[in-house]
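Heads up: the sequence shown begins at 21 in the working numbering, then just goes up one per residue.
Even for Gly, the Cβ is constructed at its ideal location relative to N, Cα and C.
Just so we're clear, the structure is a prediction, and the values are computed from it rather than from any experiment.
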Amino acid sequence: MPGEIFVLRNAGNTCTHAEGSMVGSLEFCTGKLGSRLVMVLGHTKCGAIVGATQTYLAMKDKAEKGSPGSALEGLLTDLAGVAEKAATKLGKDATVEQIAAYAVKVNVFQTMDFLLKFSQPLRDAVSSGKVDLQGGIYDLETGKVEFLGRSPQHGALLASSKSSLPPSMDLALGSAFVRTPQDPPMAPEAALKLMKEGNERFAHGNTLAGKFDGQMRKALATIGQAPHTAIVGCADSRVPLELVFDVLPGDVFVMRNAGNTVTQARGSVVGSLEFCTAALKTRLVLVLGHSACGAIKGATATYLKGGAGGGPFKGALEGLLAGLSAVAETAHKELGSKASEKEIADHAVKVNVFNTINNLIKGSTDIRDKVKSGQVEIQGGIYDLDSGRVQWLGRSPEQGKLLSS
Ligand SMILES: [Zn+2]
Numbered sequence: 021m022p023g024e025i026f027v028l029r030n031a032g033n034t035c036t037h038a039e040g041s042m043v044g045s046l047e048f049c050t051g052k053l054g055s056r057l058v059m060v061l062g063h064t065k066c067g068a069i070v071g072a073t074q075t076y077l078a079m080k081d082k083a084e085k086g087s088p089g090s091a092l093e094g095l096l097t098d099l100a101g102v103a104e105k106a107a108t109k110l111g112k113d114a115t116v117e118q119i120a121a122y123a124v125k126v127n128v129f130q131t132m133d134f135l136l137k138f139s140q141p142l143r144d145a146v147s148s149g150k151v152d153l154q155g156g157i158y159d160l161e162t163g164k165v166e167f168l169g170r171s172p173q174h175g176a177l178l179a180s181s182k183s184s185l186p187p188s189m190d191l192a193l194g195s196a197f198v199r200t201p202q203d204p205p206m207a208p209e210a211a212l213k214l215m216k217e218g219n220e221r222f223a224h225g226n227t228l229a230g231k232f233d234g235q236m237r238k239a240l241a242t243i244g245q246a247p248h249t250a251i252v253g254c255a256d257s258r259v260p261l262e263l264v265f266d267v268l269p270g271d272v273f274v275m276r277n278a279g280n281t282v283t284q285a286r287g288s289v290v291g292s293l294e295f296c297t298a299a300l301k302t303r304l305v306l307v308l309g310h311s312a313c314g315a316i317k318g319a320t321a322t323y324l325k326g327g328a329g330g331g332p333f334k335g336a337l338e339g340l341l342a343g344l345s346a347v348a349e350t351a352h353k354e355l356g357s358k359a360s361e362k363e364i365a366d367h368a369v370k371v372n373v374f375n376t377i378n379n380l381i382k383g384s385t386d387i388r389d390k391v392k393s394g395q396v397e398i399q400g401g402i403y404d405l406d407s408g409r410v411q412w413l414g415r416s417p418e419q420g421k422l423l424s425s
């Protein structure tokens, strides 16, 4: 009847984060509501487990003796680990169906063990006998539950001290994790969050990305790349993008030129971005300018001397500076006639970021369609050479107008 059971559900009846909603909800239920029995219930033919088993077996074939969980995030990481345990237990002659069926049981115990390992309130309640933790498997065909009792690890886990770091958090710290096409494309909001966190670590000098080993290199080489963010940045040697965002190989797809600019709709920057957002399924594009940009300074000086005109240009550099001097002109107009050369150049950095975003939307039907449908998000930013921090600018103010025109 309603009111009798407090039910927590997710794909694969798993727990992946000690601070996640499953653990928190259970602590609430056993603490505040006083429930005394916690039942972890798997079921036969569980799609999440079958999927994770197939993923695990496919990875095992490709990466030989590679660690199967290393390229999978969150839920799938844990479930692939379960499939691995089941496969190891059953031996090499086991079929996918046999492994997946046994993995359902392994997974029930793993979820129970997770709760005993990582939740202090639950450990206390179970130790004192106030709460009991039991497992079961529901059979889709017969409708019967096979009651499994306590986890075989129950006693040992309660006797040992609480572990502080669940495997998923270990991965979040970058210990053995590279992105590959086996990861789903990352939502722009999630990618932006990673970029912001990475930049904070860089600015604080607490970087993590140095830990890149042969195993990770092998995963990228054999499985491929699936970068979560594409960056259009400046060629300036003081703005090394992978370092600034504390990312690993495989994380970001980077295009750089002097002044992080797009001057040709048919040029290599636009073409590379079309490739990245289509073939590699990257969903976040970041256009990153930086303070004290030499290309912008040069273009501002050129503009103030009377402009570069419309060509013909003596060399490619003149063409580049001419494109940027239009940016300086806009910056000058926005600031008013009293602005100094330095003020114009500083403001032009921001104008230029938006100008590049606008040129990407205007120059490529492909990118424009993806932005319009929400598949791709283009954000701007300015890296500060002094602080090491990125000022996040959001979308171009022109985006709405450009997409509707
Ligand atoms: Zn620059």
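**Message:** Using a Cβ-based criterion (distance less than 7 Å to any ligand heavy atom), does A315 qualify as near ligand 1?
**Reply:** yes
**Backbone secondary structure at A351 - three-state DSSP** = helix
**Segment contact flag, the region 357-364 with the region 336-347, C-beta cutoff 8 Å, min 3 pairs** = no
**Prompt:** Which value, in whole angstroms, describes the spacing of the CA atoms of A223 and L405?
**Reply:** 10 Å
**Asked** What residue does the alpha helix (DSSP H) around A315 start on, and which one ends it?
**Response** 314-324
**Request:** Closer than 7 Å by C-beta to F26: which residues in its own chain qualify, once you throw out the five before and the five after it? Chain order, please.
**Result:** C49, L53, S55
**Asked** What first and last residue would you give for the beta strand (DSSP E) that runs through E7?
**Response** Past the edges of the chain, shown from 21 to 425, lies residue 7, and the structure says nothing about it.
**Request:** Would you check if the distance between the CB atom of V70 and the CB atom of A106 is smaller than 8 Å?
**Result:** no
**Asked** Is DSSP giving E166 helix, strand or coil here?
**Response** strand
**Request:** Under 6 Å Cβ to Cβ from E418, same chain only, skipping five residues before and after it: list those, please.
**Result:** N378
**Prompt:** Could one say the Cβ of C254 lies closer than 8 Å to chain B's Cβ atoms, at least one of them?
**Reply:** In the displayed structure, chain B is absent; only one protein chain is listed.
**Request:** Let me know if G400 comes out buried or exposed under the rule of 16 or more other beta-carbons within 10 Å of its beta-carbon.
**Result:** buried
**Request:** Hey, could you find the ends of the beta strand (DSSP E) M275 is sitting in?
**Result:** 272-277
**Request:** Please list, in chain order, all residues of the same chain as K382 whose beta carbon is under 7 Å from its beta carbon, the five residues on each side excluded.
**Result:** L422
**Prompt:** Are F134 and Q154 close, meaning C-beta to C-beta below 8 Å?
**Reply:** no
**Prompt:** Can you find a heavy atom of ligand 1 that lies under 7 Å from the Cβ of D256?
**Reply:** yes
**Request:** Hey, could you find the ends of the beta strand (DSSP E) T297 is sitting in?
**Result:** From DSSP, T297 is part of no beta strand (DSSP E) but of the alpha helix (DSSP H) over 288-298.
**Asked** When the Cα atoms are used, what is the spatial distance from C296 to T302?
**Response** 6 Å
**Request:** With DSSP as the reference, label T385 as helix, strand or coil.
**Result:** helix
**Request:** My understanding is that Y323 touches S345, with C-beta atoms under 8 Å, so please give their C-beta distance in whole angstroms.
**Result:** 4 Å
**Message:** Considering Cα atoms alone, identify which of V165, P172, A211, S139 is closest to S181.
**Reply:** S139
**Request:** Tell whether a beta-carbon distance below 8 Å holds between G156 and V165.
**Result:** yes
**Message:** Between which residues of its own chain and L261 is the CB-CB distance below 6 Å, once the five residues before and five after are set aside?
**Reply:** I251, G253, V274
**Prompt:** Any idea what DSSP makes of A121, helix, strand or coil?
**Reply:** helix
**Message:** Please tell me whether V410 and N372 are closer than 8 Å, where the distance is taken between their beta carbons.
**Reply:** no
**Prompt:** From A229, V290, A123, G169, pick the residue whose C-alpha is nearest to that of D386; which is it?
**Reply:** V290
**Request:** Could you tell me if the beta carbon of H367 falls within a distance shorter than 7 Å of some heavy atom in ligand 1?
**Result:** no
**Item:** Every unbroken alpha helix (DSSP H) within the region 23-61, with a cutoff of 4 residues, ordered by chain
**Value:** 41-51
**Message:** Suppose the cutoff is 8 Å on Cβ atoms and the five residues either side in sequence are ignored; what does the same chain contact list for L293 look like?
**Reply:** A250, V252, M275, V305, L380, S384, I387
**Item:** Contact set for G51: own chain, Cβ-Cβ below 7 Å, skip 5 residues either direction
**Value:** P141
**Prompt:** Is G51 near ligand 1, with its Cβ less than 7 Å from a heavy atom?
**Reply:** no
**Message:** Out of V116, D144, V259, which one is the CA nearest neighbour of N277?
**Reply:** V259
**Asked** So, is M21 buried or exposed, given that buried needs 16 or more other C-beta atoms within 10 angstroms?
**Response** exposed
**Request:** State the Cα-Cα distance for the pair G270 and L57, rounded to the nearest angstrom.
**Result:** 45 Å
**Prompt:** If V124 sits next to H63, beta carbons under 8 Å apart, how far is it from one beta carbon to the other, in whole angstroms?
**Reply:** 7 Å
**Request:** Along the beta strand (DSSP E) that carries Q399, what are the first and last residues, could you check?
**Result:** 397-403
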